[in-house]
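Start counting at 1 in the sequence shown, then tack on 32, and there's your number in this note's numbering. Glycine included, every Cβ here is placed at the ideal spot set by N, Cα and C. Single-structure report; data block below.
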Amino acid sequence: MSTSARVMVPVKITSLMIAPGTTVPEPNTVNGEVAWVASGSYAIDDLRTSNGSVYSCTRAHSGRTARPEADPGYWLRKGPTDRMAPFDDYSSTKARGKTAITFVLTPGFINGVSVYGPEGATYSLVVRDAPGGTVIREQHGDLFAQAAGFWELLFAPLPALEKISMDGIPIAPNAEVSVTINSPGEGAVAVGDIKVGDWRQLIGDSSFGGTEYGAEAQRKSYTYRQFNDDGTYQQIPRGNARDVTCRVVLSAEQAMYADAILGEVIDMAVPFEASDLPRYGYLNTLGFLTGSIRADNWGVTSLNLIVKGSI
33 MSTSARVMVP
43 VKITSLMIAP
53 GTTVPEPNTV
63 NGEVAWVASG
73 SYAIDDLRTS
83 NGSVYSCTRA
93 HSGRTARPEA
103 DPGYWLRKGP
113 TDRMAPFDDY
123 SSTKARGKTA
133 ITFVLTPGFI
143 NGVSVYGPEG
153 ATYSLVVRDA
163 PGGTVIREQH
173 GDLFAQAAGF
183 WELLFAPLPA
193 LEKISMDGIP
203 IAPNAEVSVT
213 INSPGEGAVA
223 VGDIKVGDWR
233 QLIGDSSFGG
243 TEYGAEAQRK
253 SYTYRQFNDD
263 GTYQQIPRGN
273 ARDVTCRVVL
283 SAEQAMYADA
293 ILGEVIDMAV
303 PFEASDLPRY
313 GYLNTLGFLT
323 GSIRADNWGV
333 TSLNLIVKGS
343 I
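Here's what the structure looks like:
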């Protein structure tokens, strides 16, 4: 397999890090978003945006001046706005548009980018050393996964790419990242989740270690399905995720480093790659990483990792 698994410690993106050049406004009126205004009149189920979130009115009212996030008796948060959707840990909540969609971010120092749930025809990732500065890393491509075989290549529609990953970004304390998804004509475009941060390697060496064979991935569906006595059923489609389990062997000298990584990411959804080889792409996911660390002997430590995939 590969001698290295890796996990990204992501930068938490705030509204202040979303820079000019981003094509998704707030509110995104093209997609039906409406901004909350003070002292307005609202009916039950009215939807309004405020500070990156969409709220639903739970009690009819007028004349109130408290923002929805500070007025829980009258408003219930439903989810992120289109502008903040790629930064809420869910790849199933997507920012959507037509023809092209661009997010420009100023996260500071990073060495990696991962994009989940892109929809469109092509993508472009560009990293500059500063806002509007020199390009230090770029990556472009289409959004179609490799065909399973020769027959599929010739006669079947290519499956959509689930994830885009970039690494090897040179050191730039004031980096600017641009993520663009394109589609010809008025084609639909979308992006589910954007992660930028620091890839941390769990590295074996040339003689032993790294991710061992026996790593497993399991697709998990959250679709609700109820079967009746006659075999018929009712189904409510929902999202799906990929869970991954694997064992990674390291030098004992890296045990404390590995433990520190697990502590950093224990309560956040993070990109995880059990291997950097394309043939093992099914062992990569976005989810919550936990695991145990075992001192196998004086010089060897092993990690038993579990990644619960996020939808």
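Can you give me the Cβ contacts of I277 inside the same chain, cut-off strictly under 6 angstroms, excluding the 5 residues immediately before and after it?
A small fix is needed here, since residue 277 is Thr in this sequence, not Ile. Around T277: E248 and I338.
For G72, which residues in the same chain have their Cβ closer than 6 angstroms to its Cβ, ignoring the five residues on either side in sequence?
The answer is none, since no qualifying residue turns up.
With C-beta atoms as the reference, is L344 less than 9 angstroms away from I213?
Within the shown structure, residues of the chain are numbered from 33 to 343, placing residue 344 beyond reach of any answer.
Taking 9 angstroms as the cut-off, decide whether the C-beta atoms of L234 and R38 are in contact.
Yes, these two residues count as a Cβ contact at 9 angstroms.
Identify which residue in G217, T125, P216 and M198 has its Cα closest to the Cα of R209.
Going by the sequence as given, residue 209 is Val instead of Arg. Of G217, T125, P216 and M198, the residue nearest in Cα terms is M198.
On the DSSP letters alone, give me the boundaries of the alpha helix (DSSP H) that E184 sits inside.
E184 -> alpha helix (DSSP H) spans F182 to F187.
On the three-state DSSP scale, how would you describe M49?
Correct three-state label for M49: helix.
Which residues bound the beta strand (DSSP E) around A37?
S36 to P42 is the span of the beta strand (DSSP E), which, as asked, contains A37.
Evaluate E194 with the Cβ neighbour count: other Cβ atoms within 10 Å of its Cβ, from every protein chain shown; 16 or more gives buried, anything less gives exposed.
Under this definition E194 is a buried residue.
Among the residues of its own chain, which have a CB less than 8 angstroms from the CB of Y254, if the five just before and after it don't count?
The answer, listed in chain order, is R270, G271, N272, A273 and I343.
Determine, using beta-carbon pairs with one atom in the stretch 78-88 and one in the stretch 157-165, whether at least three such pairs fall under 8 angstroms.
Contact between the stretch 78-88 and the stretch 157-165 is absent, because fewer than three Cβ pairs lie under 8 angstroms.
Kindly list the residues whose CB is nearer than 7 angstroms to the CB of C89, restricted to its own chain and excluding five residues on each side of it in sequence; keep chain order.
So the qualifying residues of the chain are Y74, A75, I76, D77, D78, Y106 and W107.
Go to V136, then tell me how far its beta strand (DSSP E) extends in each direction, as first and last residue.
Its beta strand (DSSP E) spans residues A132 to L137.
Following the continuous alpha helix (DSSP H) through L315, name the residue where it begins and the one where it ends.
From DSSP, L315 is part of no alpha helix (DSSP H); its letter is neither H nor E.
Please report how far the alpha carbon of E58 lies from the alpha carbon of D114, in whole angstroms.
Answer to the nearest angstrom: the Cα atoms are 7 angstroms apart.
Assuming Q178 contacts L157 (C-beta within less than 8 angstroms), just tell me the rounded distance between them.
Rounded, the Cβ-Cβ distance is 19 angstroms, inconsistent with contact.
So, is G217 buried or exposed, given that buried needs 16 or more other C-beta atoms within 10 angstroms?
It counts as exposed.
Take P100 and list the residues in its own chain whose beta-carbon comes closer than 8 angstroms to its own, dropping the five residues that flank it on each side.
Excluding sequence neighbours, P100 sits near W68, R80, S82, S85, Y87, Y106, W107 and R109.
To the nearest angstrom, report how far apart K227 and V211 are at their CA atoms.
If you take the alpha carbons of K227 and V211, they lie about 11 angstroms apart.
For Y314, which residues from the same chain have a beta carbon less than 7 angstroms from its beta carbon, with the 5 sequence-adjacent residues on both sides left out?
Excluding residues within five positions, the ones whose Cβ falls inside 7 angstroms are A249.
Short of 8 angstroms in beta carbon distance, which residues of its chain neighbour G319, apart from the five on each side in sequence? Order them along the chain.
Within the same chain, G319 has close Cβ partners A273, R274, D275, V276, A301, V302, F304, V339, K340, G341 and S342.
Spatial neighbours of V280 within its chain, please: C-beta separation below 6 angstroms, excluding the five flanking residues on both sides.
Only A37, L234, T243 and L335 meet the Cβ criterion.
Please list the terminal residues of the continuous alpha helix (DSSP H) segment that includes E296.
A287 to V297 is the span of the alpha helix (DSSP H), which, as asked, contains E296.
Hey, does A273 have any beta-carbon neighbour from chain D nearer than 9 angstroms?
In the structure shown, chain D does not exist; there is a single protein chain.
Near I293, which residues of its chain fall below 8 angstroms by C-beta distance, leaving aside the five closest residues on each side in sequence?
Once the five neighbours on either side are set aside, the close Cβ partners of I293 are V39, V41, R232 and L234.
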